[in-house]
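S.K.: Be aware that the sequence shown starts at 0, since it is given in numbering that gives the first Met the number 0, and climbs by one per residue.
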Amino acid sequence: MHIALGDTPDDTLAAFTARAAADPGVVGLVLSGSQVHEGMPTVHSDYDLHVILRDQHASPIAGLDWFRSAHLDLVVIELAEFRTRGMPGRPDHFARYSYVHAKVLLDRLDGAIARILDEKRTLGETEARAAVDGWLDAYVNQTYRSLKSYRDGRPDMGHLDAAESVPYALEVLFALHRRVRPYNKYLRWELERQPLGEPRWDASRLLPVVRRILADGDPPTQRALFAGVEETARRAGHDRVLDSWGADLELLRHPRRP
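Shown next as structure tokens:
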């Protein structure tokens, strides 16, 4: 199946959505990407469109899965796969954030497409608690490894571990608020429009900390970030994970004493 590109991305999207809506096998169209983030699209932005097909329904549109162009990027999946795409335990769990601000352009299932999207937009209570515990342990582990390397005179290795700790810290902070961690491109956008509850996690304060750790792994900056994460996590009732580290946490709280 061929897609003819219009003069602009808007033209291409309009032509394709009309074509898809005329196919009885298409039950939903969902728009994601920069176009659903106010202020983010640029002259280079295309449209990211999810096409949801009836289960086990032959459609020529199925052959367009992963179609890519300067105007339009497609994901074509059946309804059953759409229900679970991006959810925990899936190999495509990385796709979860793409649905957080997604917009329904077509829903032939009496609101079912919208309801499935709503389940993806935020973390359930049990899911969020498990996510915090897992990511918190990973964050502490990576920060501990980093600070051990700095302590033992291996700053280059400590820097690498410090850089790897940053995504874990962000996962913890967003999961504590039952939110899906955004793609890095949208991190400032999220923090400015929906802050994480206290000033220390505002974009103006958190992002310089992240940049410093990524730049050189600065141990005092790592410890400052850990102090905030520990306090926030304990206040939310995640003491068990932190306490399981016992005396090792002292390295994350204090530099080596002579």
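The beta carbon of each residue, even a glycine, is placed where N, CA and C say it ideally should be. Quick caveat: nothing in here was measured; it's all calculated off a predicted structure.
1. For Ala111, which of Leu175, Ala79 and Asn140 has the nearest alpha-carbon?
2. Where do the N-terminal and C-terminal ends of the alpha helix (DSSP H) with Leu251 fall, by residue?
3. List in chain order: all unbroken beta strand (DSSP E) runs of 3+ residues lying wholly within the region 30-83.
4. CB-CB under 6 Å to Gly38, same chain, minus the five flanking residues each way: which ones, in chain order?
5. What separation, rounded to the nearest whole angstrom, lies between the Cα atoms of Glu197 and Arg233?
6. For the alpha helix (DSSP H) that Leu169 lies in, which residues bound it at each end?
7. Let's see if you can read the secondary structure: which residues bound the alpha helix (DSSP H) around Val99?
8. Using the Cα positions of Pro8 and Thr83, report the straight-line distance between them to the nearest angstrom.
9. Please list the terminal residues of the continuous alpha helix (DSSP H) segment that includes Arg211.
10. Below 8 Å, how does it come out for the region 141-151 and the region 171-184: are there three or more Cβ pairs, yes or no?
11. Measuring alpha carbon to alpha carbon, tell me which residue in Leu48, Glu249 and Glu170 is nearest Phe93.
12. Within this structure, are the beta carbons of Thr142 and Leu213 separated by less than 8 Å?
13. Distance, Cα to Cα, Pro257 vs Leu248?
14. Take the Cβ of Ala174 as the centre, count every other Cβ of all protein chains shown within 10 Å, and call the residue buried at 16 or more, exposed below.
M.R.: In this structure, then:
1. The residue you call residue 111 lines up with position 112 of the sequence shown. With distances taken between Cα atoms, Ala111 lies closest to Ala79.
2. Sequence index remark: in the sequence shown, residue 251 carries index 252 (1-based). Boundaries of the alpha helix (DSSP H) around Leu251: Leu248 to Arg252.
3. 46-52 and 71-77
4. For the purposes of this step, residue 38 is taken as the residue at position 39 of the sequence shown. Same-chain partners within the cutoff: there are none.
5. Start at 1 with the first residue of the sequence shown, and residue 197 comes out as number 198. Start at 1 with the first residue of the sequence shown, and residue 233 comes out as number 234. Put simply, the backbone Cα of Glu197 is about 15 Å away from that of Arg233.
6. Translated into the one-based positions of the sequence shown, residue 169 becomes position 170. Per DSSP, Leu169 belongs to the alpha helix (DSSP H) from Pro154 to Ala174.
7. Taking the first residue of the sequence shown as position 1, residue 99 is located at position 100. Per DSSP, Val99 belongs to no alpha helix (DSSP H) and is neither H nor E.
8. As a working mapping, residue 8 is identified with position 9 in the sequence shown. As a working mapping, residue 83 is identified with position 84 in the sequence shown. Computed Cα separation, rounded: 29 Å.
9. Sequence index remark: in the sequence shown, residue 211 carries index 212 (1-based). Segment Ala202 to Asp215, the alpha helix (DSSP H) holding Arg211.
10. no
11. Taking the sequence shown and counting its residues from 1, one reaches residue 93 at position 94. Phe93 has its Cα closest to that of Glu170, out of Leu48, Glu249 and Glu170.
12. Stepping through the sequence shown from its first residue, residue 142 is reached at position 143. Stepping through the sequence shown from its first residue, residue 213 is reached at position 214. No.
13. Against the sequence shown, residue 257 aligns to sequence position 258. Against the sequence shown, residue 248 aligns to sequence position 249. At Pro257, the pLDDT of 42 sits below 50, so the modelled position is not reliable; the number obtained from the coordinates is stated separately. Approximately 18 Å, taken between the alpha carbons.
14. The residue labelled residue 174 in the question sits at position 175 within the sequence shown. Note on Ala174: 16 or more other CB atoms within 10 angstroms of its CB, so buried under the neighbour-count rule.
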